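Trainee:
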Amino acid sequence: MPREQGRKFIAQNKKARHDYSILDTFEVGLVLTGTEVKSLRAGRASLVDGFASIDDGEVWLQHVHIPEYVQGTWTNHTPRRKRKVLMHRAEIDKLMGKTKEGGLTLVPLDLYFKDGKVKATLALAKGKKSYDKRHDLAERDSRREIQKAFGRYVKGRR
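FYI, our numbering numbers position 115 of the sequence shown as 759, with every residue one higher than the one before it.
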């Protein structure tokens, strides 16, 4: 059987980009059990409440929901368990310094298969205030209006 190539997205956390200002992103691996991988292959996962924390020099992904595998037996996993994140030591040290600095958190942006292995994108993020969110929405709406007006102009309608 040929090896899987490329990226296949499993889940995305669209709300994270709305709630946080993304400062930096990291591609990381995850330590998973067999039933978790089978459940992910079925395309089932939720990153909504997920975050990562650093404990004793190790990064842990928490509150990510991977539902139990339907055909699993007593060996099935618990859906919201802590999962170890695989990163280089230098990256972990850099993150430890920045998260201790204050106001910064680690948020998962997406889960995907890359060449047959489960990967995640972790973002170093700063929480947005409500007025920042309103500003971003207003800016997006104004860009959309400009695009519509330009489209009407190009088509000859005014």
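Every residue, glycine too, gets a C-beta built ideally from N, C-alpha and C. Bear in mind that the values here come from a model prediction, so they are computed numbers and not experimental data.
Less than 8 angstroms between the C-beta atoms of A793 and I666, yes or no?
Mentor: Result no, Cβ atoms of A793 and I666 do not sit closer than 8 angstroms.
Trainee: Check the C-beta distance from V751 over to L674 and give it rounded, since I have them as a contact under 8 angstroms.
Mentor: V751 to L674, Cβ: 15 angstroms. No contact.
Trainee: Quick check on DSSP: helix, strand or coil for R784?
Mentor: Note: R784 maps to helix in three-state DSSP.
Trainee: From K742, K652, A767, D663, pick the residue whose C-alpha is nearest to that of T669; which is it?
Mentor: Considering only alpha carbons, the answer is A767.
Trainee: Answer with buried or exposed for E680, where buried requires no fewer than 16 other C-beta atoms within 10 angstroms of its C-beta.
Mentor: E680 is buried by the Cβ-count criterion.
Trainee: Taking all protein chains shown into account, decide if A686 is buried (16 or more other Cβ within 10 angstroms of its Cβ) or exposed.
Mentor: Exposed, by the Cβ-count rule.
Trainee: Tell me which residue opens and which closes the beta strand (DSSP E) that K770 is part of.
Mentor: Taken as a continuous stretch (DSSP letters only), the beta strand (DSSP E) holding K770 covers 761 to 771.
Trainee: What separation, rounded to the nearest whole angstrom, lies between the Cα atoms of Y713 and L684?
Mentor: Roughly 9 angstroms between the two C-alpha positions.
Trainee: On the DSSP bridge assignment, give the partners of I654 in chain order.
Mentor: I654 is not bridged to any residue.
Trainee: Please classify I790 as buried or exposed, where buried requires at least 16 other C-beta atoms within 10 Å of its C-beta.
Mentor: When all chains shown are included, I790 counts as exposed.
Trainee: Give me the Cα-Cα distance between D737 and V798, rounded to the nearest whole angstrom.
Mentor: Using only the alpha carbons, I get a separation of about 52 angstroms.
Trainee: To which residues of the same chain is D780 closer than 8 angstroms at the C-beta, ignoring the five residues directly before and after it?
Mentor: Here the set comprises H662, K772.
Trainee: Pick helix, strand or coil for R733, following the three-state DSSP scheme.
Mentor: Helix, per DSSP.
Trainee: Report buried or exposed for A782, applying the criterion of at least 16 other Cβ atoms within 10 angstroms of its Cβ.
Mentor: Flag for A782 reads exposed.
Trainee: What residues in its chain sit with their C-beta under 7 angstroms from that of Q649, if we drop five residues either side in the sequence?
Mentor: So the list reads D759, once near-sequence residues are dropped.
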